[in-house]
Amino acid sequence: MRVVVLGAGISGLSTATLLRQRGDDVILVSAHPTEATTSHLAAAVWFPTAAAPADKVASWGSTTYDVLAAEAARGVPGVVMRESLVVYREEPGPQPWAAAVGDIRPARSDELPAGYTHGLRFAVPLVEMPTYLPWLYRQYIDGDGQQEVRRIEHLGELLDLQPDVIVNCAGLAAGKLVGDSSTYPIRGQIVRVANPGLAMSMRDESHPAGRAYVHPRTNDCILGGTLDAGAWDTTVDDEITRSIISRCSDLIPALADAEVIEALVGLRPGRPEVRLERDEQLLPGVPVVHNYGHGGSGITLGWGCAADAVRACG
Ligand SMILES: Cc1cc2nc3c(=O)[nH]c(=O)nc-3n(C[C@H](O)[C@H](O)[C@H](O)COP(=O)(O)OP(=O)(O)OC[C@H]3O[C@@H](n4cnc5c(N)ncnc54)[C@H](O)[C@@H]3O)c2cc1C
Numbered sequence: 147m148r149v150v151v152l153g154a155g156i157s158g159l160s161t162a163t164l165l166r167q168r169g170d171d172v173i174l175v176s177a178h179p180t181e182a183t184t185s186h187l188a189a190a191v192w193f194p195t196a197a198a199p200a201d202k203v204a205s206w207g208s209t210t211y212d213v214l215a216a217e218a219a220r221g222v223p224g225v226v227m228r229e230s231l232v233v234y235r236e237e238p239g240p241q242p243w244a245a246a247v248g249d250i251r252p253a254r255s256d257e258l259p260a261g262y263t264h265g266l267r268f269a270v271p272l273v274e275m276p277t278y279l280p281w282l283y284r285q286y287i288d289g290d291g292q293q294e295v296r297r298i299e300h301l302g303e304l305l306d307l308q309p310d311v312i313v314n315c316a317g318l319a320a321g322k323l324v325g326d327s328s329t330y331p332i333r334g335q336i337v338r339v340a341n342p343g344l345a346m347s348m349r350d351e352s353h354p355a356g357r358a359y360v361h362p363r364t365n366d367c368i369l370g371g372t373l374d375a376g377a378w379d380t381t382v383d384d385e386i387t388r389s390i391i392s393r394c395s396d397l398i399p400a401l402a403d404a405e406v407i408e409a410l411v412g413l414r415p416g417r418p419e420v421r422l423e424r425d426e427q428l429l430p431g432v433p434v435v436h437n438y439g440h441g442g443s444g445i446t447l448g449w450g451c452a453a454d455a456v457r458a459c460g
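Just so we're aligned: 374 in this note's numbering is position 228 of the sequence shown, and the numbers increase by one with no gaps anywhere.
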């Protein structure tokens with residue numbers, strides 16, 4: 147089949163890669179290079195956040211966990227398994243994401259920061275997207291995938307490429323391109339600091355000042371973050387930067403003095419539910435497979451959604 151995939155973020159690149167692997171003729175169309183996508187900016191730790199429906203998120207997340215863990219094991223650039231600690235101020239109860247993670251144990255009291263009573267220890271994939279996305283793109287191109295840089299205003303413009311199927315992986319813009327008004331931005335601000343020697347991720351999803359997470363990477367450490375549904379403003383808010391550093395310092399005091407490299411803002415592609423389905427109505431004679439609306443979980447769900455999108459192509 148001849149398949150046009152719109153979007154070169156994680157959703158489009160993973161879908162295009164799997165289509166090429168099964169032998170389809172694939173053209174990846176994108177307005178931006180990979181480094182200008184939301185995917186490039188993501189903290190990119192496996193952890194389901196702001197995505198639904200729960201049963202499918204569990205299944206897509208589990209598939210993606212396994213793919214990324216296998217990539218980490220074989221040394222794919224940018225992918226590592228990161229020891230992690232989630233901390234709580236009260237008994238957390240069962241966590242919906244735990245089944246995919248497998249090995250998980252309660253944290254010992256000597257592993258908890260001051261003020262916390264409970265914690266969970268496990269390992270999850272952490273993906274350094276500025277390394278991984280270009281690698282994935284190169285794999286796709288080297289596997290004879292085609293690409294075209296082009297901005298479109300509506301999906302029908304892609305019919306000039308004579309596709310048998312179009313896959314819509316345009317992230318936050320996807321809804322507008324197909325008349326789906328249920329999509330919305332979920333603004334996220336994060337802070338890159340110099341890594342003060344950390345090797346473990348830590349997060350508090352219920353910090354009173356807003357969620358707090360710390361993800362050490364090779365050359366920096368990502369501190370987060372905000373999750374503001376409906377907010378379109380992509381300018382950095384210095385007050386938010388200070389709050390993020392302050393609440394992350396409650397988890398790891400050394401972060402209070404860490405050198406700030408930069409603060410970043412991205413808009414996650416929000417939708418009440420991920421849209422992953424085959425649409426025969428939108429364009430005359432050419433089916434469209436939608437794969438968008440992953441909220442704060444595009445990297446967490448990417449390979450699982452891509453596999454379903456490929457199946458939906460027929
Ligand atoms: C601060 C922050 C932290 C995050 N942390 C995590 C995390 O830890 N774990 C996790 O799983 N997720 C995380 N996310 C969410 C994740 O980044 C997104 O869910 C994911 O990047 C969505 O990927 P996508 O490929 O669907 O869209 P995008 O990466 O936005 O790619 C969309 C593509 O569509 C193309 N496109 C759009 N409009 C057009 C058009 N009109 N014409 C042509 N091309 C077009 C773009 O050029 C781009 O190539 C985070 C997001 C943010 C902002």
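The beta-carbon is built from N, C-alpha and C at its ideal position, and this holds for glycine as well. Keep in mind the model is a prediction, meaning the values are calculated, not measured.
Shortest alpha-carbon distance to residue i belongs to which of the options?
| i | options | result |
| --- | --- | --- |
| ILE156 | GLY317, ALA218, ALA245, ILE250 | GLY317 |
| CYS315 | HIS186, THR446, HIS440, GLU181 | HIS440 |
| GLY169 | MET147, VAL226, THR183, ASP366 | MET147 |
| VAL175 | MET227, ILE312, LYS202 | ILE312 |
| GLU229 | PRO223, VAL222, PRO238, ALA218 | ALA218 |
| GLN285 | LEU164, PRO362, ARG424, VAL273 | LEU164 |
| THR184 | VAL270, ALA453, LYS322, GLY444 | GLY444 |
| PRO238 | ASP350, SER392, ALA402, LEU323 | ASP350 |
| GLY442 | ALA198, ALA246, PRO240 | ALA198 |
Mapping the DSSP letters down to three states, classify residue i as helix, strand or coil.
| i | result |
| --- | --- |
| ARG166 | helix |
| ILE336 | strand |
| ARG220 | coil |
| ARG228 | strand |
| CYS315 | coil |
| GLY153 | coil |
| ARG457 | helix |
| PRO399 | helix |
| PRO194 | coil |
| LEU301 | helix |
| LEU187 | helix |
Is it buried or exposed, residue i, if we count other Cβ atoms within 10 angstroms and call 16 or more buried?
| i | result |
| --- | --- |
| MET275 | buried |
| THR327 | First, the residue type needs correcting, since residue 327 is Ser and not Thr in the sequence shown. That one is exposed. |
| ASN427 | Looking at the sequence shown, residue 427 is not Asn but Gln. With fewer than 16 other Cβ atoms within 10 Å, it is exposed. |
| HIS300 | exposed |
| TRP449 | buried |
| SER352 | exposed |
| PRO415 | buried |
| GLY221 | exposed |
| ILE287 | exposed |
| ASN365 | exposed |
| THR381 | exposed |
May I ask you to check if the CB of residue i is nearer than 7 Å to at least one heavy atom of ligand 1?
| i | result |
| --- | --- |
| ALA498 | Any answer about residue 498 is impossible in this case: the structure gives the chain only from 147 up to 460. |
| ILE298 | yes |
| ALA316 | yes |
| VAL213 | no |
| PHE193 | yes |
| TYR330 | no |
| SER443 | yes |
| SER395 | no |
| ARG414 | yes |
| GLY325 | no |
| SER347 | no |
| THR387 | no |
| THR184 | yes |
| SER157 | yes |
Using a Cβ cut-off of 8 Å (strictly closer), state whether residue i contacts chain D.
| i | result |
| --- | --- |
| LEU301 | You won't find chain D in this structure, because it holds only one protein chain. |
Return the chain-ordered list of same chain residues with a C-beta closer than 7 Å to the C-beta of residue i, the five sequence neighbours on each side being excluded.
| i | result |
| --- | --- |
| TRP243 | PHE193, PRO194, GLY207 |
| VAL406 | VAL337, VAL339 |
| TYR262 | VAL233, TYR234, ARG235 |
| GLY291 | ALA162, ARG166, VAL172, LEU174 |
| PRO309 | ARG148, VAL149, VAL150, VAL432 |
| VAL273 | ALA190, LEU214, GLY224, VAL225, ILE445 |
Return the chain-ordered list of same chain residues with a C-beta closer than 8 Å to the C-beta of residue i, the five sequence neighbours on each side being excluded.
| i | result |
| --- | --- |
| GLU257 | LEU231, GLY265, ARG267 |
| ARG251 | LEU266, ARG267, PHE268 |
For residue i, which residues from the same chain have a beta carbon less than 6 Å from its beta carbon, with the 5 sequence-adjacent residues on both sides left out?
| i | result |
| --- | --- |
| ARG254 | none |
| ALA421 | Going by the sequence as given, residue 421 is Arg instead of Ala. Answer for ARG421: HIS436, TYR438, GLY439, listed in chain order. |
| ARG277 | Reading off the sequence shown, one finds Thr at residue 277, where the question assumed Arg. Same-chain partners within the cutoff: PRO223, GLY224. |
Do residue i and ligand 2 come close, with the Cβ less than 7 Å from some heavy atom?
| i | result |
| --- | --- |
| ALA177 | Among the ligands modelled here, namely ligand 1, ligand 2 does not occur. |
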